[in-house]
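Using the working numbering, the first residue of the sequence shown is number 7, and each one after it goes up by one.
Note that beta-carbon positions come from the ideal geometry of N, C-alpha and C, so glycine has one too.
Take a look at the structure set out below.
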Amino acid sequence: MNDIKGIKNMYSVLTACLIIVGLVLLAIPGIALNAVCIIFGIYLIIYGVVKIIGYFAKDVYQLAFQFDLALGIVAAIVGIVFICKTSSIVQILSTCIGIVMLIDATLKIQTSLDSKRFGISSWWLMLVMAIMVAAVGIMLILMPGETTKVMDKLEDILKNTPEIEHYAKVAGYGLMSGQGTSYGTIIIRLKDWGERKGSEHTSDAVVARLNAQFYGVKEAQIFSFQPGMIPGYGMGNSLELNLQDRTGGDMATFYEAVIQFLGALNQRPEVAMAYTSYAMNFPQVSVDVDAAKCKRAGISPGAVLDALGSYCGGAYISNYNQFGKVYRVMMQASPEYRLDEQALGNMFVRNGTEMAPVSQFVTLNKVLGPETANRFNLYSAIAANVNPAEGYSSGEVQKVIAEVAEQTLPLGYGYEYGGMAREEANTGGAQTVFIYAICIFLIYLILACLYESFLIPFAVIFSVPFGLMGSFLFAKVLGLENNIYLQTGVIMLIGLLAKTAILITEYAIERRRKGMGIVESAYSAAQVRLRPILMTVLTMIFGMLPLMFSSGAGANGNSSLGTGVVGGMLIGTLALLFVVPVFYIIFEYLQEKVRPPMEEEADMQVLLEKQKSEAERAKD
């Protein structure tokens, strides 16, 4: 009887330990799961041994140990598996503990009911313990990992978003951060454009709404973005920043400066959101090499680190051929031999003709730090993203970034753009001005050769900017950004407007050479060329109207392109019909001060136009 009481007391103690382990896992999910897994394996082995002993013990009541032999054997085997296969069990540890606790609780409930039936007074205590074990076990089974828990919250938000057709979630991988246990990704596909009519259902509106809802989830840093317009130039439509520590200082200080910089950017109206996925709170193991011990042993610290890296991280050794195929030889220790500090005693580095354990030369310290060390142009870097606010272009945001960086970033810290923002930054500034200047100069030389004059080409060059006012005026009225599509339309518009100016100027020069006055030739050119110019302009405008009022996928780009061309052709053409003749009169007058016009024999058409002009002047 005393043996049975002792066994039952041990049984109660083990039950209490099981409850404590479950509560610790619930309260502190980030506990060292490897250690918990090993402890739980040892517990299962002890639990199984106790059950087996209890089965063979004398029990006059025959209450609680009907299944103890089988349960003990199973528990001992599972405990051995937990110890030998720790790395594979860690991910499902809480669920496994919950299942075992539920099984144990079921047996305890049976035991308490049988105890009551046989008149044992303490049956209720066993029932209470069974209920506690069952409650903790259910909570452990239902409790997901921290990353999964956050993603489940996001899933609830996505389910309540009517514009989303379907989504896919991946735990352990971030599109911007790469692989990591604390990262997660959700890829969303919106419904067809026909089902999302209205400005409040556009992709930009959905992204803004989701970001506002994600802001309420405090367990993680969450942000949503659209895929980039051009593949290979960044993950989204945001500006990619690579903040650099050019002093080689402490990363924690650098990270604080970056957070202050991004906070200052978020205060500007031109910036919708500035963020970074970089974090400094990942648990790590710092390896300190004792250089003095290495020197006394005749080993370099680099050799020690190389050996440790080969054992833990793996190393390429060589290749070998077999049956016509080439196989790579990689060296790495098995997972069970590189999980704890004691494993360093089984890792050796060559000391001449002898082998010395790595544990003699290194010291391990548990610290918090970044998961990866990033570099950009050889400097320690932290990647960040900046989303422009609605109504602001990327060029305006780049100016804001430069202003805020000058005000907030300490001396020695800088930044460089990446992706599409880098290409845009490289094409701006003095380089762009120089290229445009070269292009204008070449155009001037071509026109000078065509007109055989050094002043008349300025009538074409100076008139084109007046035509471009219409593009930016229409874009401003319709609330469009000065994006790449609008700029493409403006480039095309420059050619069309220049063609109009060239037609008017060339006709006026021809009439001037045949004896018409400067003013009469300019007036005649504008009058005669009006009809073909209007036909060209109206054809272009009516052809671009569908793009201007487009909807659906790509509507923003199409609308920007169409609006720029329509506005520029409409207002620009009207401006050129008045501006080009005026410029021609001015520069032709200056040209004739230097050199008289080349005279050609006037034909009948020119004489009739001259008579008509004189008649109209006489009426006036």
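Own chain residues within Cβ distance below 6 Å of residue i, not counting five before or after
| i | result |
| --- | --- |
| Ala280 | Leu268, Leu271, Asn272 and Val392 |
| Ala38 | Model confidence at Ala38 stands at a pLDDT of 49, short of 50, so the residue's coordinates are unreliable; what they give is reported in the following sentence. Excluding positions up to five away in sequence, the list is empty. |
| Ala174 | Ile193 |
| Val66 | Unreliable placement is indicated for Val66, whose pLDDT of 49 sits below 50; no coordinate value is reported for it. |
| Ala81 | Leu50, Tyr53 and Gly54 |
| Tyr398 | Glu276 |
| Gly495 | Leu567, Gly570 and Val571 |
Alpha-carbon to alpha-carbon, residue j and residue i
| i | j | result |
| --- | --- | --- |
| Tyr306 | Cys300 | Residue 306 is actually Ser in this sequence, not Tyr. Taking the straight line from one Cα to the other gives about 6 Å. |
| Ala514 | Phe478 | 30 Å |
| Val293 | Leu345 | 14 Å |
| Leu536 | Leu583 | 8 Å |
| Phe260 | Glu422 | 15 Å |
| Gly190 | Gln404 | 29 Å |
| Ala411 | Ile577 | 40 Å |
| Gly54 | Gly351 | 32 Å |
| Met498 | Val571 | 8 Å |
| Ala362 | Tyr343 | 17 Å |
| Thr282 | Ile388 | 8 Å |
| Ala278 | Ser209 | 15 Å |
| Gly644 | Val543 | Lying outside 7 to 626, the shown extent of the chain, residue 644 is not represented and no answer is given. |
| Phe555 | Asn562 | 10 Å |
| Leu131 | Ile44 | 30 Å |
| Leu113 | Asp162 | 37 Å |
| Tyr206 | Asp198 | Here residue 206 turns out to be Glu, not Tyr, going by the sequence shown. Using only the alpha carbons, I get a separation of about 15 Å. |
| Gln219 | Tyr284 | 22 Å |
| Ile441 | Phe460 | 22 Å |
| Phe472 | Leu509 | 17 Å |
| Pro150 | Gln227 | Here Pro150 scores only 49 on pLDDT, less than 50, and its place in the model should not be relied on; the value that follows carries that caveat. About 18 Å. |
| Gln116 | Gly104 | 19 Å |
Of the residues the options, the one placed nearest residue i, counting alpha carbons only
| i | options | result |
| --- | --- | --- |
| Lys372 | Ala174, Val470 and Asn287 | Asn287 |
| Arg518 | Ala561, Phe460, Ala531 and Ala339 | Ala531 |
| Ser527 | Glu594, Gln219, Val56 and Cys318 | Glu594 |
| Glu377 | Val106, Val483 and Gln290 | Gln290 |
| Ile490 | Glu430, Pro463, Leu509 and Ala443 | Glu430 |
| Pro416 | Gly304, Pro587 and Thr253 | Thr253 |
| Asn217 | Arg123, Arg428, Ala303 and Ser230 | Ser230 |
| Ser340 | Val600, Thr511 and Cys90 | Cys90 |
| Arg302 | Leu196, Gln366 and Asp251 | Gln366 |
| Asn380 | Met257, Ile539 and Arg601 | Met257 |
| Ile59 | Ala297, Ile524, Ile79 and Phe46 | Ile79 |
| Ile591 | Gly523, Val600 and Asn564 | Gly523 |
7 Å Cβ shell around residue i - same chain, five flanking residues per side excluded
| i | result |
| --- | --- |
| Ala111 | Ala136, Val139, Ala140 and Gly143 |
| Ser324 | Val335 |
| Leu77 | Lys57 |
| Ala395 | Pro275, Glu276, Val277 and Ala278 |
| Asn248 | Phe382, Ala387, Ala389, Tyr421, Glu422 and Gly424 |
| Glu171 | Arg195, Leu196 and Lys197 |
Same chain, Cβ closer than 8 Å to residue i, neighbours up to 5 away in sequence not counted
| i | result |
| --- | --- |
| Gln68 | Note that Gln68 has pLDDT 49, beneath the 50 cutoff, so the model's placement of it is unreliable and no number is given. |
| Ile467 | Ile446, Ile449, Tyr450 and Leu453 |
| Gln266 | Thr414 |
| Pro552 | Gly568 |
| Gly304 | Asn357 and Gly358 |
| Arg202 | Glu169, Leu196 and Thr208 |
Which of helix, strand or coil DSSP assigns to residue i
| i | result |
| --- | --- |
| Gly570 | helix |
| Glu458 | coil |
| Gln266 | helix |
| Tyr513 | helix |
| Asp294 | strand |
| Tyr421 | strand |
| Gly523 | coil |
| Asn391 | strand |
| Pro376 | coil |
| Val1 | Nothing in the structure corresponds to residue 1, since the chain is present only between 7 and 626. |
| Met475 | helix |
| Asp312 | helix |
| Glu246 | strand |
| Lys482 | helix |
| Leu415 | coil |
| Tyr317 | helix |
| Tyr67 | Note that Tyr67 scores a pLDDT of 49, beneath 50, so its modelled location is shaky and nothing firm can be said. |
| Gly190 | strand |
| Phe367 | coil |
| Tyr261 | helix |
| Ser530 | helix |
| Ser283 | coil |
Interface flag, residue i vs chain C, CB-CB below 8 Å
| i | result |
| --- | --- |
| Tyr491 | The question asks about chain C, but that chain is absent: this structure has only one protein chain. |
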